[in-house]
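S.K.:
Residue numbers (this note's numbering): -19 to 329.
(1) With C-beta atoms as the reference, is residue 313 less than 8 angstroms away from residue 259?
(2) Please determine, among 100, 74, 164 and 108, the residue with the shortest C-alpha to C-alpha distance to residue 189.
(3) What does DSSP give as the partner residue(s) for residue 223 in the beta ladder?
(4) Would you report the Cα separation of residue 56 and residue 144, rounded to the nearest angstrom?
(5) Go through its chain and collect everything with a Cβ distance to residue 29's Cβ below 6 angstroms, but skip five positions before and after it.
(6) With distances taken Cα to Cα, identify the nearest neighbour of residue 223 among 234, 132, 264 and 82.
(7) Can you tell me which residues form a DSSP beta bridge with residue 239?
(8) Expressed to the nearest angstrom, what Euclidean distance is found between the alpha-carbon atoms of residue -19 and residue 35?
(9) Which parts of the segment 240 to 305 are runs of the alpha helix (DSSP H), unbroken and 4 residues or longer, counting only runs that do not cross its ends?
(10) Going by Cα to Cα distance, which pick from 204, 238 and 219 is closest to residue 212?
(11) Can you check DSSP and say which residues form a bridge with residue 199?
(12) Give the secondary structure of residue 333 by DSSP, where H, G and I count as helix, E and B as strand, and everything else as coil.
(13) Which of the three DSSP states, helix, strand or coil, is assigned to residue 1?
(14) Pull up the distance between the alpha-carbon of residue 65 and that of residue 162, whole angstroms please.
(15) Assuming residue 99 is part of the alpha helix (DSSP H), what are its boundary residues?
(16) In angstroms with no decimal places, state the Cα-to-Cα distance between residue 6 and residue 236.
(17) Can you list, in chain order, the residues of its chain with a C-beta nearer than 8 angstroms to that of residue 300? Leave out the 5 residues immediately preceding and following it.
(18) How long is the line joining the alpha carbons of residue 160 and residue 123, rounded to whole angstroms?
(19) Going straight from the alpha carbon of residue 26 to that of residue 156, what length do you get?
(20) When DSSP labels each residue in this structure, what does residue 155 get in the three-state scheme?
(21) For residue 256, is the classification buried or exposed, using 16 other Cβ atoms within 10 angstroms of its Cβ as the cut-off for buried?
(22) Roughly how far, in whole angstroms, is the beta-carbon of residue 135 from the beta-carbon of residue 196, given that I think they are within contact range, below 8 angstroms?
(23) So what's residue 136 in DSSP terms, helix, strand or just coil?
(24) On the criterion of 16 or more Cβ atoms from any shown chain inside 10 Å, does residue 9 qualify as buried, or is it exposed?
(25) So, helix, strand or coil for residue 180, using DSSP?
(26) Keeping to the same chain, check which residues put their C-beta closer than 8 angstroms to that of residue 95; ignore five residues upstream and five downstream.
(27) Just to confirm, are residue 178 and residue 198 a CB contact at a threshold of 8 angstroms?
(28) Skipping 5 residues on each side, what residues in its chain have a beta carbon closer than 7 angstroms to that of residue 316?
(29) Measure the alpha-carbon distance for residue 44 versus residue 85 and round it to whole angstroms.
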């Protein structure tokens, strides 16, 4: 059996003409504006930038935001023994009390699981772990092992009541497909509560903007090409942009490539015509969830689902080099760099 090295490309979204992250934690003011804060949370590098605020006030707002991110990380981590999600996963069927944030996120996540008819399923964690994507010990599980694990993959088994969260024995949650999106929404709420009108955050590739750039123009967000570099640029105002891609994390075994996005129906990594899905939406948690769910669905089903749920837009990059956008992005997306000569298709209602 041949096992090749695992390749990871992050982030998949960056701000064009923005500052480049340099790791660690830092609060800096490169001039009067902007003021940027950098930290690591939710196992990823994050930056938050705000504008048109006095330096000391802006730094205090950013420290509050950093504290919020660390609080959410402590609540939602699937590996931290002190988190609410970890305690629920190891509760043996007992009910675990929840904070308001964990409850709100679970309510939204379960609703999105139902809306997508299980293309998103937050109980997929045991299957993802079996493939080694949580541990780094990559392997292809036997069919019998996957069949047994899939019996425990069912978001409808999650019991969410006023008393707390109850999971049947063997059912385990992982909110990784929605947590950073929810964190972005909470940050936007925090910033708005201070009267802020201009800010942008990058949470491990998730980008979420409040308002416009200081000069009134839209923010420009670059979307990574599967082969590296950038395929295109999106212009956004008051939106969240999230990408899921099969090239982000994968391993190769016996000449076959297995990506980290698992189809909850089969328990196997998704294999379809898509290289990546980018979702643009008002809310980060929706964009985060749908970028995964639409990738699982594949192009044809994703198009049909969008026509029935017109409250978001998406960009698909296909493995054959075709870019596909929904009509709402027609005036705010452009191909970029080496992708300028690639085919661009527009999906209409």
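We put the beta carbon where it would ideally sit given N, CA and C, even for glycine.
M.R.: Reading off the structure:
(1) For the purposes of this step, residue 313 is taken as the residue at position 333 of the chain shown. For the purposes of this step, residue 259 is taken as the residue at position 279 of the chain shown. In this structure, the beta-carbon distance from residue 313 to residue 259 does not fall below 8 angstroms.
(2) By one-based count along the chain shown, residue 189 stands at place 209. Answer by Cα proximity: 164.
(3) Position 243 of the chain shown, counting from 1, holds the residue named residue 223. Answer is 258.
(4) Your numbering for residue 56 matches position 76 in the chain shown. Your numbering for residue 144 matches position 164 in the chain shown. Roughly 14 angstroms separates the two Cα atoms.
(5) If you number the chain shown from 1, residue 29 lands on position 49. For residue 29, where only same-chain residues beyond five positions count, the Cβ hits under 6 angstroms are 14, 16 and 180.
(6) Here residue 223 is taken as the residue at index 243 of the chain shown, counted from 1. Residue 223 has its Cα closest to that of 264, out of 234, 132, 264 and 82.
(7) Counting from one through the chain shown, the residue named residue 239 turns up at place 259. For residue 239, which the question treats as bridged, DSSP gives the partners 230.
(8) Stepping through the chain shown from its first residue, residue -19 is reached at position 1. Stepping through the chain shown from its first residue, residue 35 is reached at position 55. The predicted model places residue -19 with a pLDDT of 32, which falls under 50 and marks its position as unreliable; any figure quoted below should be read in that light. When rounded, the distance between both Cα atoms is 57 angstroms.
(9) Positions of the alpha helix (DSSP H) runs, each at least 4 residues long and wholly inside the segment 240 to 305, are given as 264 to 277 and 279 to 288 in order along the chain.
(10) Indexing the chain shown from 1 puts residue 212 at position 232. Nearest option by C-alpha distance: 204.
(11) Within the chain shown, residue 199 is the residue found at index 219, counting from 1. Paired residues: 216.
(12) One cannot answer for residue 333 here, as it falls past the ends of the chain, which runs -19 to 329.
(13) For the purposes of this step, residue 1 is taken as residue 21 along the chain shown, with counting starting at 1. Any answer about residue 1 is weak, because its pLDDT of 31 lies below 50 and its placement is not dependable; what the coordinates show is given next. If DSSP states are grouped into helix, strand and coil, residue 1 belongs with coil.
(14) Position 85 of the chain shown, counted from the first residue, corresponds to residue 65. Position 182 of the chain shown, counted from the first residue, corresponds to residue 162. Rounded to the nearest whole angstrom, the CA to CA distance from residue 65 to residue 162 is 15 angstroms.
(15) Residue 99 sits at position 119 when you count from the first residue of the chain shown. No alpha helix (DSSP H) contains residue 99, which DSSP labels as neither H nor E.
(16) As a first step, residue 6 must be located in the chain shown, where it is residue number 26. As a first step, residue 236 must be located in the chain shown, where it is residue number 256. Any reading at residue 6 must be qualified, since the residue scores a pLDDT of 44, below 50, and its modelled position is unreliable; no value is offered.
(17) Walking along the chain shown from the start, residue 300 turns up at place 320. The beta carbon of residue 300 lies closer than 8 angstroms to those of 253 in the same chain, with the five residues before and after it left out.
(18) The count along the chain shown starts at 1 and reaches residue 160 at position 180. The count along the chain shown starts at 1 and reaches residue 123 at position 143. Cα to Cα, the separation comes out at about 32 angstroms.
(19) For this step, residue 26 is matched to residue 46 along the chain shown. For this step, residue 156 is matched to residue 176 along the chain shown. Per the coordinates, the alpha-carbon of residue 26 lies some 15 angstroms from the alpha-carbon of residue 156.
(20) Numbered from its first residue, the chain shown carries residue 155 at position 175. In the structure shown, residue 155 sits in coil (DSSP, three-state: anything other than H, G, I, E or B).
(21) Sequence index remark: in the chain shown, residue 256 carries index 276 (1-based). It is buried - the Cβ of residue 256 has at least 16 other Cβ atoms within 10 Å.
(22) Position 155 of the chain shown, counting from 1, holds the residue named residue 135. Position 216 of the chain shown, counting from 1, holds the residue named residue 196. With 8 angstroms as the limit, residue 135 and residue 196 do not qualify as a contact, their Cβ atoms being about 42 angstroms apart.
(23) For the purposes of this step, residue 136 is taken as residue 156 along the chain shown, with counting starting at 1. It is helical.
(24) Here residue 9 is taken as the residue at index 29 of the chain shown, counted from 1. Caution applies to residue 9, whose pLDDT of 40 falls short of 50 and renders its modelled position unreliable; the value that the coordinates give is listed next. Under this definition residue 9 is an exposed residue.
(25) Position 200 of the chain shown, counted from the start, is the residue given in the question as residue 180. If DSSP states are grouped into helix, strand and coil, residue 180 belongs with the strands.
(26) Your numbering for residue 95 matches position 115 in the chain shown. By the criterion of a C-beta distance shorter than 8 angstroms, residue 95 is surrounded in its chain by 289, once the five residues flanking it on both sides are discounted.
(27) Counting from 1 along the chain shown, the entry for residue 178 is found at position 198. Counting from 1 along the chain shown, the entry for residue 198 is found at position 218. No.
(28) Along the chain shown, read from residue 1 onward, the residue named residue 316 stands at position 336. Only 202, 210, 211, 212 and 213 meet the Cβ criterion.
(29) Here residue 44 refers to the residue found at position 64 when the chain shown is read from its first residue. Here residue 85 refers to the residue found at position 105 when the chain shown is read from its first residue. Going from the Cα of residue 44 to the Cα of residue 85 covers about 20 angstroms.
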